[in-house]
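Scroll down for the structure; my scribbles are underneath it.
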Amino acid sequence: MYEDLRDRVVLVTGSSRGIGAAVAVAFAEVGARVVVHGRDEVALDGVRRRVEAAGASALAVTGDVTRSADLAAMRDRITAEFGAVDVLVTSAGSSSSRPTPIEEIDEEDWRADVERNLTSTFLTVKCFLPDMKSRGSGVILTLSSAAGRRASARTLVAYGAAKAGVQIFTQDLAAQVGPAGIRANCIAPETILTETNEKWIQGEQRQQLIDMHPIRRLGTVDDVSRAALFLASEESGWISGVVLDIAGGATLV
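Next comes the structure, spelled out in structure tokens:
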């Protein structure tokens, strides 16, 4: 399955842990040539070794995806050592804030969430898009969040706003680049049991979160990586501009 992804060059930003790492390994398992990216070099090297253990070629790159110069250096190194990127997955992003009334949100926290999640996505796409256009092909997958899909008095407002921005950015992108032979889609996960979440989502809190989902379980990194493979492959060749909820039905209630 997904034979069309074999030997494709796939860059997954923010792949030193969690969802990004799982997505990188999933592409390796179908024979892609995988570029992993992160700022924690020790963790990143571990993911690189997991990719190689899956039988794939791997390249690890570091850099700040909120800085155009870092991205350009990454692109030039990837192109020189691996070739042009066929599939770009923008998984880098995080929240610096906590659930806070809007009037109490710290301005620096707001700016940091927008920078890490929305601006980083924009700059990464901007860096790699010209080459895809010149070749007339490419797939771009952005990672958003269910926090950007619905309003909630409990949500992380700055993070949710930034992730909602990622969604409309991806749809605008899809509308622009479709004629150039490029597809763009967005994945919006709900609560996913990453290594970090496994540690702090326990007991009563875990059950409360499970009960929020019509499908009575929490998501796994494999739920997200399977969606990424589908959207990157020709199995979804006429799908573009979609925001795909990986949420167990939680965005419906």
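The sequence shown begins at -12 in our numbering and counts up by one. Yeah, the Cβ is synthetic: ideal placement off N, Cα and C, and Gly gets one too.
Can you give me the Cβ contacts of A245 inside the same chain, cut-off strictly under 7 Å, excluding the 5 residues immediately before and after it?
-> Because the chain is modelled from -12 through 240, residue 245 falls outside the range shown and cannot be assessed.
Taking all protein chains shown into account, do 16 or more other C-beta atoms lie within 10 angstroms of the C-beta of D198, making it buried, or fewer, making it exposed?
-> Here residue 198 is taken as the residue at index 211 of the sequence shown, counted from 1. By the neighbour-count criterion, in which a residue is buried when 16 or more other Cβ atoms sit within 10 angstroms of its Cβ, D198 is exposed.
Go through the stretch 133 to 177 residue by residue and report every complete run of the beta strand (DSSP E) that reaches 3 residues or more, in order.
-> 169 to 176
R37 in three-state terms, based on DSSP = Locating residue 37 in the sequence shown gives position 50, counting from the first residue. Correct three-state label for R37: helix.
Give me whichever residues DSSP pairs with V242 in a beta bridge.
-> Only positions -12 to 240 of the chain appear in the structure, and residue 242 is not among them; the question remains open.
Is the beta carbon of A214 less than 9 Å from the beta carbon of L231?
-> Numbered from its first residue, the sequence shown carries residue 214 at position 227. Numbered from its first residue, the sequence shown carries residue 231 at position 244. Yes, these two residues count as a Cβ contact at 9 Å.
Across which residues does DSSP place A219 in a beta bridge pair?
-> As a first step, residue 219 is located in the sequence shown; it is residue number 232 there, counting from the start. According to DSSP, A219 bridges with nothing at all.
Cβ contact check for the stretch 199 to 211 and the stretch 154 to 167: 3 or more pairs under 8 Å | no
By a C-beta neighbour count over all protein chains shown, 10 Å radius and 16 as the cutoff for buried, is E177 buried or exposed?
-> As a first step, residue 177 must be located in the sequence shown, where it is residue number 190. The residue is buried, with at least 16 neighbouring Cβ atoms inside 10 Å.
Do G123 and N172 have their C-beta atoms closer together than 9 Å?
-> On the sequence shown, position 136 is the one that residue 123 refers to. On the sequence shown, position 185 is the one that residue 172 refers to. Going by C-beta atoms, G123 is not nearer than 9 Å to N172.
Give the range of the alpha helix (DSSP H) segment to which L105 is assigned.
-> Taking the sequence shown and counting its residues from 1, the one referred to as residue 105 is at position 118. Neither: L105 is in no alpha helix (DSSP H) and is coded neither H nor E.
If you compare alpha carbons, which of M(-12), C114, G206 and I169 is closest to K120?
-> Locating residue 120 in the sequence shown gives position 133, where the first residue counts as 1. Among M(-12), C114, G206 and I169, the Cα nearest to that of K120 belongs to I169.
What are the start and end residues of the beta strand (DSSP E) that includes I179?
-> What you label residue 179 is simply residue 192 of the sequence shown in a count that begins at 1. Looking at the DSSP string, I179 is not in any beta strand (DSSP E), and its letter there is neither H nor E.
Reduced DSSP secondary structure (H/G/I, E/B, other) of T53 | As a first step, residue 53 is located in the sequence shown; it is residue number 66 there, counting from the start. Here T53 sits in coil by DSSP.
Contact between the stretch 11 to 20 and the stretch 86 to 94: three or more CB pairs below 8 Å?
-> Short answer: they don't touch.
Three-state secondary structure assigned by DSSP to R242 = Residue 242 cannot be examined here, being either before or after the span of the chain that is shown, -12 to 240.
Reducing DSSP to helix, strand and coil, say where W127 ends up.
-> Counting from one through the sequence shown, the residue named residue 127 turns up at place 140. In the sequence under discussion, the amino acid at residue 127 is Ile, which differs from the Trp named in the question. Strand, per DSSP.
Residues that L46 bridges to, as DSSP identifies them | Within the sequence shown, numbered from 1, the residue matching residue 46 stands at position 59. Answer by DSSP bridge pairing, in chain order: V22.
Are the beta-carbon atoms belonging to V(-1) and V21 less than 9 Å from one another?
-> Locating residue -1 in the sequence shown gives position 12, counting from the first residue. Locating residue 21 in the sequence shown gives position 34, counting from the first residue. Yes.
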